[in-house]
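J.: Quick one: the structure is below, questions incoming.
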Amino acid sequence: MKAKTAIRNNSPVEDSPVPPKNIHKGGKKISEICYFIKLMNMNVQSIANKKDSLKDDWDSEKCYIICLTEHWLQKEKLGVFALPGFNVARSFCHANFKREGSMIIVREKFKCICVYVNTLSKQILFASTGRPQGIRQIHNANGNCS
Numbered sequence: 001m002k003a004k005t006a007i008r009n010n011s012p013v014e015d016s017p018v019p020p021k022n023i024h025k026g027g028k029k030i031s032e033i034c035y036f037i038k039l040m041n042m043n044v045q046s047i048a049n050k051k052d053s054l055k056d057d058w059d060s061e062k063c064y065i066i067c068l069t070e071h072w073l074q075k076e077k078l079g080v081f082a083l084p085g086f087n088v089a090r091s092f093c094h095a096n097f098k099r100e101g102s103m104i105i106v107r108e109k110f111k112c113i114c115v116y117v118n119t120l121s122k123q124i125l126f127a128s129t130g131r132p133q134g135i136r137q138i139h140n141a142n143g144n145c146s
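Per full-length UniProt numbering, residue 1 is the first one in the sequence shown, and the count goes up by one each step.
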């Protein structure tokens, strides 16, 4: 593996609120709680022989969304790729090259919809994930709730 990066906190999503911040809306004081969602980006350079160790890493890191590059799976193998507790939201491999490919994997408790939009000059992928029940806000990298 070349790179392993993660946006992380020190505990699971359900137990990781940012301290409530007070927000004033219409003259009323409202406390909002934000939660972290861990996202991991990995260049795996062949996932076939690392599948079990990667699942252990993802479970120990408590990641919810995993973006993989260079999975090296061929198109016919993408359909049978599975990890218990995770769903493949979107995957891509190039028919002419063996050593590439990308994949977005999300925990089963997340709902995810991916849509491709083709324009005249490029193809764009939009992905939308749903938050697990009970999580109202997502904490982003700069500390704001969104």
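The C-beta atom is built at its ideal place from N, Cα and C for all residues, glycine as well.
(1) What is the DSSP secondary structure of residue 155, counted as helix, strand or coil?
(2) Identify whether L83 lies in helix, strand or coil by the three-state DSSP scheme.
(3) Between F81 and the rest of its own chain, which residues show a CB-CB distance below 7 angstroms, the 5 nearest in sequence each way excluded?
(4) Rounded C-beta distance between C93 and K75? I'm assuming under 8 angstroms.
(5) Excluding five sequence neighbours on each side, which residues of the same chain lie with their C-beta closer than 6 angstroms to the C-beta of S46?
(6) Does the Cβ of C34 have 16 or more other Cβ atoms within 10 Å, making it buried, or fewer, making it exposed?
(7) With DSSP collapsed to three states, give me the class of S60.
(8) Going by Cα to Cα distance, which pick from L78, K38, M103 and D57 is closest to Y64?
(9) So, with DSSP's three-state summary, where would you put I33?
(10) Out of curiosity, what's the CA-to-CA distance linking Q123 and K62?
(11) Quick check on DSSP: helix, strand or coil for L54?
(12) Should L68 be labelled buried (16 or more other beta-carbon atoms within 10 Å of its own) or exposed?
(13) Using CA atoms only, rank isn't needed, just tell me which of D56, F86 and D57 is closest to N107.
(14) Which residue wins for smallest C-alpha separation from D57, given the options L83, R99, K77 and M103?
(15) Expressed to the nearest angstrom, what Euclidean distance is found between the alpha-carbon atoms of I66 and S53?
T.: Reading it off the structure:
(1) Shown here, the chain extends from 1 to 146; a query on residue 155 therefore has no answer.
(2) Counting from one through the sequence shown, the residue named residue 83 turns up at place 83. If DSSP states are grouped into helix, strand and coil, L83 belongs with coil.
(3) Residue numbering aside, residue 81 sits at position 81 when the sequence shown is read from its first letter. Counting only Cβ-Cβ distances below 7 angstroms, and skipping sequence neighbours, we find L73 and V88.
(4) Counting from one through the sequence shown, the residue named residue 93 turns up at place 93. Counting from one through the sequence shown, the residue named residue 75 turns up at place 75. Right, the Cβ-Cβ distance comes to about 5 angstroms (below 8 angstroms), so this counts as a contact.
(5) Counting from one through the sequence shown, the residue named residue 46 turns up at place 46. Excluding positions up to five away in sequence, the list reads W72.
(6) On the sequence shown, residue 34 is found 34 positions in, with the first residue counted as 1. Low confidence applies here, because C34 scores a pLDDT of 49, under 50, leaving its location unreliable; read the following figure in that light. Result: buried.
(7) Walking along the sequence shown from the start, residue 60 turns up at place 60. Residue state, collapsed to three classes: helix.
(8) Residue numbering aside, residue 64 sits at position 64 when the sequence shown is read from its first letter. Among L78, K38, M103 and D57, the Cα nearest to that of Y64 is on K38.
(9) Looking up residue 33 in the sequence shown gives position 33. Because the pLDDT of I33 is 48, which lies under 50, any placement of that residue in the model is unreliable, and the number read from its coordinates should be weighed accordingly. DSSP places I33 in strand when its eight states are reduced to three.
(10) Sequence index remark: in the sequence shown, residue 123 carries index 123 (1-based). Sequence index remark: in the sequence shown, residue 62 carries index 62 (1-based). In this model, Q123 and K62 are separated by some 31 angstroms (Cα to Cα).
(11) By 1-based counting over the sequence shown, the position of residue 54 is 54. Three-state result, L54: helix.
(12) Position 68 of the sequence shown holds residue 68. Burial call: buried.
(13) If you number the sequence shown from 1, residue 107 lands on position 107. For clarity, residue 107 is Arg in the given sequence; the question names Asn instead. Here the closest residue by C-alpha is F86.
(14) Position 57 of the sequence shown holds residue 57. Among L83, R99, K77 and M103, the Cα nearest to that of D57 belongs to L83.
(15) As a position in the sequence shown, residue 66 is number 66, starting the count at 1. As a position in the sequence shown, residue 53 is number 53, starting the count at 1. Rounded to the nearest angstrom, the two C-alpha atoms are 14 angstroms apart.
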